[in-house]
Amino acid sequence: MPRFVVTPWEVKGKVDYEKLVKQFGTKLIDAALLKKLERYAGGLHMFLRRGIFFSHRDFDWILNMYEKGEKFYLYTGRGPSGYTHIGHLIPWIFTKHLQDVFDAELYFQMTDDEKFLFKRELSLKDATGFTYDNALDVIACGFDPRKTFIFSDVEYAKTLYRTAIQVAKHITFSTVKAVFGFTNENNIGTIFFPAIQAAPCFFPSVLKGKNIPCLIPAAIDQDPYWRPSRDVAPKLGFYKPAQLHCKFIPGLGEGGKMSASQPETCIFTTDKPEVAKRKIMNAFTGGRATIKEQREKGGNPEVCSVYQYYYFMFEEDDEKLEEIYRECKNGDRICGDCKKILAERVGRFLVDHQRKREKAKSVIQDFMLKD
Ligand code: TYM
C-alpha cells in the first residue's frame, strides 16, 4: 500500500517525490536542463535552485523548439472553489517568471465547472463568483495584460467545447477510470470534465490556425490530466503538451499540503496580517519541548512547517536560508522568534498582494476572454 496519495482532488501523507516521478512516468529536471534554462534566464529562479520545480515532461523539447524559433505558450489554471491560498501562488509566480523570460502568452483556465461538478455543496453561482475573485490573485502576480488570457469554463464554453469534444471522442470510460479512479457513482459531468481541462492544451493552436507548443507549469497533482491529453494530441494533429511540475508547500500543521479544507493551517491571500500571524504562531515546528532543551539540543528544520515557508517563499537569499537552518540546528534560534519573523514577512507580503488585488479590480476585464 502506498503511504501517500496524490490525485488532482486529494494529497495525503508524506509525498515521496522521487517515487512519484517513477509512478507518473515523468522526468526529474536534471543539471543539463537547468544549465540550458540558466542561459535564457540569466540565472536560476529560486524555485529551480531549490528543487521546488523538480520534474517535467518534454521541457527539453520545448527549449529545443524555442531555439529553432518556435515560440510556445503557457497554460495553467485554478479550480475556483474558495479563496486563493499561498500554495496556489507558487505555480503562478513561476509562470510569470517564464512569461517574462520567454515573452510567452499565457492561457489561464478557471475550472468553475470542475469545482461545481466535484464539490457536492458548491453552487454554480458561487463557483463562477470565485472565478472573478481568484482572477484578482492571478492578475496581482503581475502578468502582462496584452499576453494573458483568463477564462471561466462556464463562460467560455463555446470555444472550449469544440476542442473538448474532439478530445473526448478519443478517451474511453475505462481510460478515465484507470487514470482518475472514477467509479459508477461519479456523476457524468465529472467523467467528461478531463476533456475540458485538456482543451486549452490545443485550442490556442486552433484559434491561431497553426500548431503552437504548449507548456504547463503546475504542481504535480494535476499531472493525471496531462496523460490522456498527451495520448490524444497526435491523433488530433497537435503537439503533445509539455509540463513543469512543482512540489507542494505544506500547511502549517504536521505534514500534508496547504489546503483550503484546513483553514487554520492555510494562509489565504485575503487573510489579514494578524490572522496569518495567529495561524503562524500556532504552527507545527521542529522545536523542542522547552527553550532550555532547544538551546542544548537544537531544533529540527527538516520536519518544521515554519522552515518550509522560508524555503518556499519567504527567504530568497540562499545564504540567509542556510543561516536559518544552521541557527535552528545549533539551538541558536528559538521557535517563537522564528515564527514572529516569518509572520512579519508574510504580513508584508499580504499587504502588498492585497493592494495589487484591489488595483486588479479595475483592469480585470482586460484579462478575461469571452465568446
Ligand atoms: P487548484 O485550484 O487545485 O490549484 C491551482 C494550482 O495550485 C497548485 N497547488 C499547489 N502548488 C503548490 N503548493 C500547494 N500546496 C498547492 N496546492 C495547489 C495546483 O497544482 C494548481 O497548479 N483543476 C485545476 C485547475 C486547472 C489547472 C489547469 C491547474 C485547470 N487547468 C492547468 C494547472 C494547470 C485545479 O483545481 O487547481
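When we follow our numbering, the leftmost residue of the sequence shown carries the number 124, and every step to the right adds one.
Where a beta carbon is used, it is the ideal one built from N, C-alpha and C, also for glycine.
All values reported here derive from a predicted model rather than from experimental measurement.
1) Considering I135, what are the terminal residues of the beta strand (DSSP E) in which it resides?
2) Which residue's Cα is closest to the Cα of P214: K358, E425, I403, A342?
3) Is it buried or exposed, D223, if we count other Cβ atoms within 10 angstroms and call 16 or more buried?
4) With hydrogens ignored, establish whether the beta-carbon of Q345 is closer than 6 Å to any heavy atom of the ligand TYM.
5) List the residues that DSSP assigns as beta-bridge partners of L367.
6) Is the closest heavy atom of the ligand FAD to the C-beta of I339 under 6 Å?
7) If you reduce the DSSP assignment to three classes, tell me which class Y196 lands in.
8) Taking the alpha helix (DSSP H) that E382 falls in, what are its first and last residues?
9) Just tell me which of F170, G148, R201 has its CA closest to the CA of D181.
10) Of the choices G379, I414, A287, whose alpha-carbon is the least far from that of A356?
11) Starting from V271, follow its DSSP beta bridges and name the residues at the other end.
12) Between which two residues does the beta strand (DSSP E) containing V128 stretch?
13) On the criterion of 16 or more Cβ atoms from any shown chain inside 10 Å, does K331 qualify as buried, or is it exposed?
14) Out of curiosity, what's the CA-to-CA distance linking C369 and F361?
15) Spatial neighbours of L259 within its chain, please: CB distance less than 6 Å, with the 5 preceding and 5 following residues excluded, ordered by chain position.
16) Taking 7 Å as the threshold (C-beta atoms), are D344 and V129 in contact?
Walking through what the data contain:
1) According to the sequence displayed, residue 135 carries Lys and not Ile. Taken as a continuous stretch (DSSP letters only), the beta strand (DSSP E) holding K135 covers 133-135.
2) A342
3) Counting Cβ neighbours within 10 Å, D223 comes out exposed, since fewer than 16 surround it.
4) Because some heavy atom of the ligand TYM lies under 6 Å away, the Cβ of Q345 counts as near it: yes.
5) H179, P340
6) The ligand FAD is not among the ligands present in this structure, which contains only the ligand TYM.
7) strand
8) It is worth fixing the name first, because residue 382 is Ser in this sequence and not Glu. Segment: none, S382 is in no alpha helix (DSSP H) and carries neither H nor E.
9) Nearest C-alpha to D181 among F170, G148, R201: G148.
10) Among G379, I414, A287, the Cα nearest to that of A356 belongs to A287.
11) Checking the sequence, you will find Thr at residue 271 rather than Val. For T271, which the question treats as bridged, DSSP gives the partners L229.
12) 128-130
13) exposed
14) 25 Å
15) R480, A483
16) yes
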